[in-house]
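Chains as they are written, first to last, in my numbering: chain A, 1 to 222; chain B, 1 to 222.
What follows is a set of notes on a single structure, which appears directly below.
Protein chains: 2
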Amino acid sequence: MCGHEVLAAVLQVRDDRLHVLLWRRAIDPDAGAWSLPGGDLAADEHLGGSIRRQLAEKVDVRELAHLEQLDSRGRPERVPDRRVVATSYLGLVPVDADPQVPDDTAWHPTDALPRTAFDHGEIVRTAVARLRSKLSYTNLGFALAPPEFTMSELVKVYRAALGHDVDPTNLQRILVRRGQIEATGSTARHGPGGGRPAAIYRFTARALEVTDPFAVLGPPRG
Amino acid sequence: MCGHEVLAAVLQVRDDRLHVLLWRRAIDPDAGAWSLPGGDLAADEHLGGSIRRQLAEKVDVRELAHLEQLDSRGRPERVPDRRVVATSYLGLVPVDADPQVPDDTAWHPTDALPRTAFDHGEIVRTAVARLRSKLSYTNLGFALAPPEFTMSELVKVYRAALGHDVDPTNLQRILVRRGQIEATGSTARHGPGGGRPAAIYRFTARALEVTDPFAVLGPPRG
DNA sequence: CGAGGTTTTCGACTACTGGTCGATAACCCG
DNA sequence: CGGGTTATCGACCAGTAGTCGAAAACCTCG
């Protein structure tokens, strides 16, 4: 009667919009609906290892810049005809990667999801909310941005991920002050028409770092 | 081969220190070690319902002011002789409650845990970290404080929960400005020795509210 | 009843961070 | 070299938090 599955919402900015990787179910229940990649936990696996294994069938795992656990859902009726608890993950792929994906999978804009199987749509919304909040107080942008970028490129990534306008001046100042990004020293060339060449930046770290876990109600600094 | 259990780290400020409710294991494996209350998920339960049912055997659930999911752990070797995935919860009990607990359970200071069973110590540390960070950007204090309180009483609760000094002036200003607490209008009387009577406050809400999910990188306010 | 002690509360000051916007820099092309 | 374009910088403002001393409101004792 008991079962455990792992699912991942893998997000990537494509064409200036935030997308999620979905997989078209071929069999019932809910055949034809789009669902998250994942599957049953094997006997000797831990949760993180399992989701990596299952994702490897859909995406080159080396493209995954970040992976973290979201939550677990266990409503008995969340999947018909079967009792299964699901632990969901958030995965992030940088904007410059273009992973090979199987024929039955496709990227869908997160703001216009198709009909999804079971509670998978809810999981995608949870993933997007987690990403948006963490972009504000961590360096998680490294997992969406290419290795090197100009500020206007980065702004486009943040705009797509956050779903609202972002001011380049502000973004640059905030990320530099926090030490999240640094200038490489080189500049980018332009297409025809010109304009001042943009400075090229990179993220200083490629693993999650939290920005001073809330100065609010902080301990005395002295 | 598969199993699923739910566990809860129930926290309360007692005697100006943050405590967790632990239960002494009578049987192997790990007999004699202290472990978190919880147990196996039943066939027709969802996760939140299950942890409430299991907690009801240890604490009056009406004393629980807050309950939220922490994370899930599935390392195959986390419990010997048995493959079981655990979903952990954070529970909070207000400082003024004094729940009846069974003989085999006791409150332990979180900064001096006894030998704990399996990975339960790790779960407690995760719970404390979650509480501390949420105290800064949510109104979660409502779940630790009594229904009505003076600022000095509230400061003692925050000090114990956060593990560092808290300035009363600052705390009052921040919580009032955020609309988390309000003055009731009455004042508290003192013991011998006098002093100005303290204003009595209450929390304005008794459910979790997030303080403006990060103005940082926020959308244009105009 | 007033002086001194105690606790709480208020106000002023500072520092830092983020949002906004105009000015300037650096490039292209004709 | 002048005009168009894009990027960057600097200045200004607002909101929030940390700190600290002064004032308020009470008690008790002489």
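Cβ atoms here follow ideal geometry from the backbone N, Cα and C, with glycine treated the same way.
Note that the coordinates shown come from a computational prediction; the quantities given were computed from them, not determined experimentally.
- Which residue comes first and which comes last in the beta strand (DSSP E) that contains ARG181 of chain B? Looking at the sequence shown, residue 181 of chain B is not Arg but Ile. Where ILE181 of chain B is concerned, the enclosing beta strand (DSSP E) stretches over 181-187.
- Message: Whether or not the stretch 62-72 of chain A and the stretch 30-45 of chain A are in contact is what I'm after, with contact meaning three or more pairs of Cβ atoms, one per stretch, closer than 8 angstroms; do they touch?
- Response: no
- Name, going along the chain, the residues of the stretch 161-184 of chain A whose beta-carbon falls closer than 9 angstroms to a beta-carbon of chain B. Along the stretch 161-184 of chain A, going in chain order, the ones with a CB nearer than 9 angstroms to a CB of chain B are LEU162, GLY163, HIS164, ASP165, VAL166, ASP167, ASN170, LEU171 and ILE174.
- Is the distance from the Cβ of THR150 of chain B to the Cβ of ILE181 of chain B below 8 angstroms? no
- Taking the alpha carbon of PRO261 of chain A as the point to measure from, which residue in A:VAL128, A:THR204, A:GLY141 and A:GLU209 has its own alpha carbon closest? As displayed, chain A neither begins before 1 nor continues past 222, which places residue 261 of chain A out of reach and without an answer.
- Message: For the stretch 25-50 of chain B, list every residue whose C-beta sits within 8 angstroms of some C-beta in chain A, in sequence order.
- Response: So the list reads LEU41, ALA43, ASP44, GLU45, HIS46, LEU47 and SER50, given in the order they occur along the chain.
- Could you check what DSSP says for PHE142 of chain A in three-state terms: helix, strand or coil? helix
- Message: Taking a contact to mean a Cβ-Cβ separation below 8 angstroms, would you say VAL95 of chain A touches ALA145 of chain A in this structure?
- Response: yes
- Per-residue contacts from GLY3 of chain A into chain B (C-beta, under 7 angstroms): Per Cβ cutoff of 7 angstroms: CYS2.
- Task: Could you check what DSSP says for THR204 of chain B in three-state terms: helix, strand or coil?
- Result: THR204 of chain B: coil per DSSP, three-state reduction.
- Message: Give me, in chain order, the residues of the same chain whose beta-carbon lies closer than 8 angstroms to that of GLU5 of chain A; leave out the 5 immediate sequence neighbours on both sides.
- Response: GLY38, GLY39, ASP40, LEU41, VAL84, VAL85, ALA86 and THR87
- Message: Among the candidates B:PRO76, B:LEU47 and B:LEU92, whose CA atom is the shortest distance from the CA of LEU140 of chain B?
- Response: A check of alpha carbon separations from LEU140 of chain B across B:PRO76, B:LEU47 and B:LEU92 identifies B:LEU92 as the nearest.
- Test: PRO147 of chain A CB closer than 8 angstroms to a CB of chain B: Using beta-carbon distances, PRO147 of chain A does not count as an interface residue toward chain B, since no partner is under 8 angstroms.
- Item | Nearest to VAL20 of chain B (by Cα), restricted to the options B:SER35, B:ASP119 and B:ASP30 | B:SER35
- Task: Would you kindly check if the distance between the Cβ of ALA160 of chain B and the Cβ of VAL13 of chain B is under 8 angstroms?
- Result: Between VAL13 of chain B and ALA160 of chain B, the CB-CB gap stays under 8 angstroms.
- Item | GLY101 of chain A: contacting residues in chain B (beta-carbon distance under 9 angstroms) | According to the sequence as given, residue 101 of chain A is Val; it is not Gly. Listed along chain B, no residue sits closer than 9 angstroms to VAL101 of chain A by beta-carbon distance, the nearest being about 27 angstroms off.
- Rounded C-alpha distance that separates GLU153 of chain A from LEU22 of chain A: 26 angstroms
- Going by alpha carbons, who is nearest to ARG173 of chain A out of A:HIS164, A:ALA183 and A:ASP165? A:ALA183
- Task: Grab me the residues of PRO147 of chain B's own chain with a C-beta within less than 7 angstroms of its C-beta, minus the 5 sequence neighbours each way, in chain order.
- Result: For PRO147 of chain B, where only same-chain residues beyond five positions count, the Cβ hits under 7 angstroms are ARG202.
- Query: Hey, would you say ARG115 of chain A sits closer than 8 angstroms to ALA33 of chain A, going by beta carbons?
  - Reply: yes
- Query: Quick one, are the C-beta atoms of VAL124 of chain B and ALA9 of chain B less than 8 angstroms apart?
  - Reply: yes
- Task: Assign ILE27 of chain A to buried or exposed, taking buried as 16 or more other Cβ atoms, counted over all protein chains shown, within 10 Å of its Cβ.
- Result: exposed
- Query: For the stretch 78-110 of chain B, which residues have a beta carbon sitting closer than 7 angstroms to at least one beta carbon of chain A?
  - Reply: Answer set for the stretch 78-110 of chain B: ARG83, VAL85 and THR87.
- Please say whether THR187 of chain A and ALA198 of chain A have beta carbons closer to each other than 8 angstroms? yes
- Task: With a 10 Å radius around its C-beta and 16 neighbouring C-beta atoms as the bar for buried, classify HIS120 of chain B as buried or exposed.
- Result: With 16 or more neighbouring CB atoms inside 10 Å of its own CB, HIS120 of chain B falls in the buried class.
- Could you tell me whether any Cβ in chain A is nearer than 8 angstroms to the Cβ of ARG14 of chain B? For ARG14 of chain B, the answer is no, since every Cβ of chain A falls outside 8 angstroms of its Cβ.
- Message: Can you give me the C-alpha to C-alpha distance between LEU11 of chain B and LEU47 of chain B, rounded to a whole angstrom?
- Response: 19 angstroms
- Item | Cβ-based burial, THR169 of chain A [other Cβ within 10 Å; buried from 16] | exposed
- In three-state terms, what does DSSP make of HIS66 of chain A? strand
- Message: My output table needs one value for GLN12 of chain A: the three-state DSSP class, helix, strand or coil.
- Response: strand
- Query: Can you tell me whether DSSP reads PRO102 of chain A as helix, strand or coil?
  - Reply: coil
- May I ask you to list, following chain order, the residues of the stretch 51-80 of chain A that have a beta carbon less than 8 angstroms from some beta carbon of chain B? Result list: GLN69, ASP71, SER72, ARG73, GLY74, ARG75 and PRO76.
- Query: Using the C-alpha atoms, what's the distance from ASP103 of chain B back to PRO80 of chain B?
  - Reply: 26 angstroms
- Task: Express the C-alpha separation of ALA205 of chain B and THR138 of chain B in angstroms, rounding to a whole number.
- Result: For THR138 of chain B and ALA205 of chain B, the gap between their C-alpha atoms comes out near 11 angstroms.
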